[in-house]
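See below for the structure under consideration.
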Amino acid sequence: QDPGLILHPPLLYTGYVGFAVAFAFVVAGLWQGRLDTLWLRRARPWTLAAWLALTLGIALGSYWAYYELGWGGWWFWDPVENASLMPWLIGTALLHSLIVSEKRGAFLTWTALLAILAFSLSLIGTFLVRSGVLTSVHAFAADPTRGIYILALLVAITLPAFILLIQRAPALASRAPYALLSRETGILANNWLMTGACLIVFTGTLYPLAADSLNLGKISVGAPYYNRLIVPLALASLILLGIGPLLRWKNDRARRLAPRLAAVLALALAATLLTLTLADTWQIRTALAVFAAMTAAAAIIVDTTDRLRHRLPITRAYSGMTLAHLGYLITALGITATGLYSNEQDHSL
Numbered sequence: 015q016d017p018g019l020i021l022h023p024p025l026l027y028t029g030y031v032g033f034a035v036a037f038a039f040v041v042a043g044l045w046q047g048r049l050d051t052l053w054l055r056r057a058r059p060w061t062l063a064a065w066l067a068l069t070l071g072i073a074l075g076s077y078w079a080y081y082e083l084g085w086g087g088w089w090f091w092d093p094v095e096n097a098s099l100m101p102w103l104i105g106t107a108l109l110h111s112l113i114v115s116e117k118r119g120a121f122l123t124w125t126a127l128l129a130i131l132a133f134s135l136s137l138i139g140t141f142l143v144r145s146g147v148l149t150s151v152h153a154f155a156a157d158p159t160r161g162i163y164i165l166a167l168l169v170a171i172t173l174p175a176f177i178l179l180i181q182r183a184p185a186l187a188s189r190a191p192y193a194l195l196s197r198e199t200g201i202l203a204n205n206w207l208m209t210g211a212c213l214i215v216f217t218g219t220l221y222p223l224a225a226d227s228l229n230l231g232k233i234s235v236g237a238p239y240y241n242r243l244i245v246p247l248a249l250a251s252l253i254l255l256g257i258g259p260l261l262r263w264k265n266d267r268a269r270r271l272a273p274r275l276a277a278v279l280a281l282a283l284a285a286t287l288l289t290l291t292l293a294d295t296w297q298i299r300t301a302l303a304v305f306a307a308m309t310a311a312a313a314i315i316v317d318t319t320d321r322l323r324h325r326l327p328i329t330r331a332y333s334g335m336t337l338a339h340l341g342y343l344i345t346a347l348g349i350t351a352t353g354l355y356s357n358e359q360d361h362s363l
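Heads up, the final residue of the sequence shown is numbered 363 in my numbering, and it's a clean run with no missing numbers.
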């Protein structure tokens, strides 16, 4: 009854299946004992395609839920929604980690772990959707037999991969040193934030199932849990988005970074004050969220201006990174506006 049905599920499952390619590349590299930049260079386009399909699928599902009056919103922390968000978070971390591993030969163990986790979470998402073990507005008819088969497939595929990674991990130790003040550190911090957010979503999604299995009663984990824990991580990631692109690879100097960072913070503060002046009312949470998003936006402006001034090429990779970061900060501003300024009223007809 809706054209969204034509695109939303196929895009999500294209993203799920796409992470299988990165998983296969990593497992093959581990099996042969040479997880080098060649393997990672081949895996990155497939990972990017899977991440893009999953991003479009989630965005289309959110838009579909938004204009359907029966839903009344665009995100509900529903278990099936969370099932698509978890591999997206790990996939985002994987994309950043692949760049470091390809350019610098660092983070090899971490990159391999993220590739295995991304596909594992895709299988877990399929299990949650198709087994009916969790109560969800998206749920299909409960079929325990189907759930057992999917769970067995998950164990059969991912357990050997994790064992292989543990065996090969000592040989993947990084031989590419980097300083604390470097782009590698910024990307690693971003990965920790993404992984932490995924762990929060994973815990909130499966905790009701675990509690029910242990006879602790029916427990529901709602939006207050997710908002309280994930919002601080999202704000930190936006601030990091404003600092990371300014850093150099391997080693940077505070003396070189300070003027650029000062320009970013000045632009962000000015844009935040202007935005809050135009708003009718605002809160401290609003100011923090707007400032974090404006920091990321200001970093893009400063970095792009520096590139143009020094006549550095604006490559496709740089343009793609910039568009992705812009999309993230615009989404963050939208979430802030709808979360803090929405007004819900009930009327009798």
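Where a beta carbon is used, it is the ideal one built from N, C-alpha and C, also for glycine.
Just so it is clear, the structure is predicted and the values come from calculations on it, not from any experiment.
Mind checking residue 176: buried by the 16 CB within 10 Å criterion, or exposed?
-> Indexing the sequence shown from 1 puts residue 176 at position 162. It counts as exposed.
Between the stretch 38-46 and the stretch 105-120, are three or more C-beta pairs nearer than 8 angstroms?
-> Fewer than three pairs of CB atoms, one per stretch, sit closer than 8 angstroms, so the stretch 38-46 makes no contact with the stretch 105-120.
Residues in its own chain within less than 7 angstroms of residue 321 by CB, not counting five upstream and five downstream?
-> Stepping through the sequence shown from its first residue, residue 321 is reached at position 307. Once the five neighbours on either side are set aside, the close Cβ partners of residue 321 are 328.
Is the beta carbon of residue 97 sitting closer than 7 angstroms to the one on residue 143?
-> Walking along the sequence shown from the start, residue 97 turns up at place 83. Walking along the sequence shown from the start, residue 143 turns up at place 129. Cβ atoms of residue 97 and residue 143: closer than 7 angstroms.
Output the residue ranges of the alpha helix (DSSP H) runs that lie fully inside the stretch 182-262 and measure 4 residues or longer, sorted by chain position.
-> With a minimum length of 4 residues, the continuous alpha helix (DSSP H) runs that stay inside the stretch 182-262 are 197-227 and 237-257.
Between residue 254 and the rest of its own chain, which residues show a CB-CB distance below 8 angstroms, the 5 nearest in sequence each way excluded?
-> Stepping through the sequence shown from its first residue, residue 254 is reached at position 240. Hits under 8 angstroms: 200, 203, 204 and 207.
Host alpha helix (DSSP H) of residue 349 (start-end) = If you number the sequence shown from 1, residue 349 lands on position 335. 330-355 is the span of the alpha helix (DSSP H), which, as asked, contains residue 349.
Out of 33, 311, 359 and 54, state which residue places its alpha-carbon closest to the alpha-carbon of residue 122.
-> Counting from one through the sequence shown, the residue named residue 122 turns up at place 108. Considering only alpha carbons, the answer is 54.
Is residue 105 near residue 60, with beta carbons less than 7 angstroms apart?
-> Residue 105 sits at position 91 when you count from the first residue of the sequence shown. Residue 60 sits at position 46 when you count from the first residue of the sequence shown. Contact: no.
Applying the criterion that 16 or more other CB atoms from any shown protein chain within 10 Å of the CB defines a buried residue, is residue 134 buried or exposed?
-> The residue labelled residue 134 in the question sits at position 120 within the sequence shown. With 16 or more Cβ atoms within 10 Å of its Cβ, residue 134 is classed as buried.
Do the stretch 213-224 and the stretch 232-252 make contact, defined as three or more Cβ pairs closer than 8 angstroms?
-> Segments in contact, yes.
Rounded C-alpha distance that separates residue 218 from residue 238 = Position 204 of the sequence shown, counting from 1, holds the residue named residue 218. Position 224 of the sequence shown, counting from 1, holds the residue named residue 238. Inter-residue distance for residue 218 and residue 238 is about 11 angstroms (C-alpha atoms, whole angstroms).
Output the distance between the C-alpha atoms of residue 336 and residue 314, rounded to the nearest integer angstrom.
-> Translated into positions along the sequence shown, residue 336 becomes position 322. Translated into positions along the sequence shown, residue 314 becomes position 300. C-alpha separation (whole angstroms): 7 angstroms.
Taking one C-beta from the stretch 66-74 and one from the stretch 22-32 each time, how about it: are there three or more such pairs within less than 8 angstroms?
-> Cβ pair count under 8 angstroms is three or more, so yes.
In its own chain, which residues sit with a C-beta less than 8 angstroms from the C-beta of residue 56, not counting the 5 before and 5 after it?
-> Working through the sequence shown from its first residue, we reach residue 56 at position 42. Same-chain partners within the cutoff: 39.
Nearest-angstrom Cα distance between residue 282 and residue 330?
-> By 1-based counting over the sequence shown, the position of residue 282 is 268. By 1-based counting over the sequence shown, the position of residue 330 is 316. If I take the Cα positions, the gap works out to 26 angstroms.
How is residue 317 classed by DSSP in three states: helix, strand or coil?
-> On the sequence shown, position 303 is the one that residue 317 refers to. In the structure shown, the three-state DSSP call for residue 317 is helix.
Out of curiosity, what's the CA-to-CA distance linking residue 276 and residue 51?
-> Position 262 of the sequence shown holds residue 276. Position 37 of the sequence shown holds residue 51. Straight-line spacing of the CA atoms in residue 276 and residue 51 works out to 36 angstroms.
To which residues of the same chain is residue 212 closer than 7 angstroms at the C-beta, ignoring the five residues directly before and after it?
-> The residue you call residue 212 lines up with position 198 of the sequence shown. Closer than 7 angstroms at Cβ, skipping near neighbours: 100, 103 and 104.
Could you check if residue 355 is buried or exposed, using at least 16 other CB atoms within 10 Å of its CB as the buried criterion?
-> Counted from its first residue, the sequence shown places residue 355 at position 341. By the neighbour-count rule (16 or more Cβ atoms within 10 Å), residue 355 is not buried but exposed.
Beta-carbon proximity list for residue 183, same chain, < 7 angstroms, skipping 5 on both sides | Residue 183 sits at position 169 when you count from the first residue of the sequence shown. So the qualifying residues of the chain are 123.
Could you check how far apart the C-beta atoms of residue 263 and residue 48 are, in whole angstroms? I think they sit under 8 angstroms.
-> Indexing the sequence shown from 1 puts residue 263 at position 249. Indexing the sequence shown from 1 puts residue 48 at position 34. Taking 8 angstroms as the upper bound for CB-CB distance, residue 263 and residue 48 are not in contact here, some 24 angstroms apart.
Does the distance from the CB of residue 195 to the CB of residue 266 come in under 7 angstroms?
-> In the sequence shown, counting from the first residue as 1, residue 195 sits at position 181. In the sequence shown, counting from the first residue as 1, residue 266 sits at position 252. Yes, Cβ-Cβ distance for residue 195 and residue 266 is below 7 angstroms.
If you compare alpha carbons, which of 114, 243 and 338 is closest to residue 91?
-> Walking along the sequence shown from the start, residue 91 turns up at place 77. Looking at the Cα atoms, 243 is the closest of the given residues.
Would you call residue 358 buried or exposed, if buried means 16 or more other Cβ atoms sit within 10 Å of its Cβ?
-> As a working note, residue 358 is residue 344 in the sequence shown. Exposed is the call here.
Simplified DSSP assignment, three categories, for residue 264 = As a first step, residue 264 is located in the sequence shown; it is residue number 250 there, counting from the start. Here residue 264 sits in coil by DSSP.
Give the single residue among 259, 190 and 210 whose Cα lies nearest to the Cα of residue 318.
-> Working through the sequence shown from its first residue, we reach residue 318 at position 304. When only C-alpha atoms are compared, the closest one is 259.
My guess is that residue 179 and residue 126 are in contact by the Cβ rule of under 8 angstroms, so how many angstroms apart are they, rounded?
-> Position 165 of the sequence shown, counting from 1, holds the residue named residue 179. Position 112 of the sequence shown, counting from 1, holds the residue named residue 126. Yes, residue 179 and residue 126 are in contact; Cβ-Cβ is about 6 angstroms, under 8 angstroms.
Rounded C-alpha distance that separates residue 93 from residue 246 | Walking along the sequence shown from the start, residue 93 turns up at place 79. Walking along the sequence shown from the start, residue 246 turns up at place 232. The alpha-carbon of residue 93 is positioned some 21 angstroms away from that of residue 246.
With residue 48 as the anchor, note down where its alpha helix (DSSP H) starts and where it stops.
-> Within the sequence shown, residue 48 is the residue found at index 34, counting from 1. Segment: none, residue 48 is in no alpha helix (DSSP H) and carries neither H nor E.
State buried or exposed for residue 197, treating a residue as buried only when at least 16 other CB atoms are found within 10 Å of its CB.
-> Mapped onto the sequence shown, residue 197 falls at position 183. By the Cβ neighbour-count rule, residue 197 is buried, with 16 or more other Cβ atoms within 10 Å of its own.
Pick helix, strand or coil for residue 270, following the three-state DSSP scheme.
-> Taking the first residue of the sequence shown as position 1, residue 270 is located at position 256. Looking at residue 270 - three-state DSSP - the assignment turns out to be helix.
Going by the beta-carbon positions, is the gap between residue 296 and residue 290 smaller than 7 angstroms?
-> Translated into the one-based positions of the sequence shown, residue 296 becomes position 282. Translated into the one-based positions of the sequence shown, residue 290 becomes position 276. Yes, the Cβ-Cβ distance between residue 296 and residue 290 is below 7 angstroms.
Which stretch, first to last residue, makes up the alpha helix (DSSP H) that contains residue 116?
-> As a working note, residue 116 is residue 102 in the sequence shown. Counting along the chain, the alpha helix (DSSP H) containing residue 116 begins and ends at 93-118.
Thinking just about the alpha-carbon of each residue, which of 18, 36 and 35 is nearest to the one in residue 73?
-> Here residue 73 refers to the residue found at position 59 of the sequence shown. Checked all of 18, 36 and 35; the closest Cα to residue 73 is 18.
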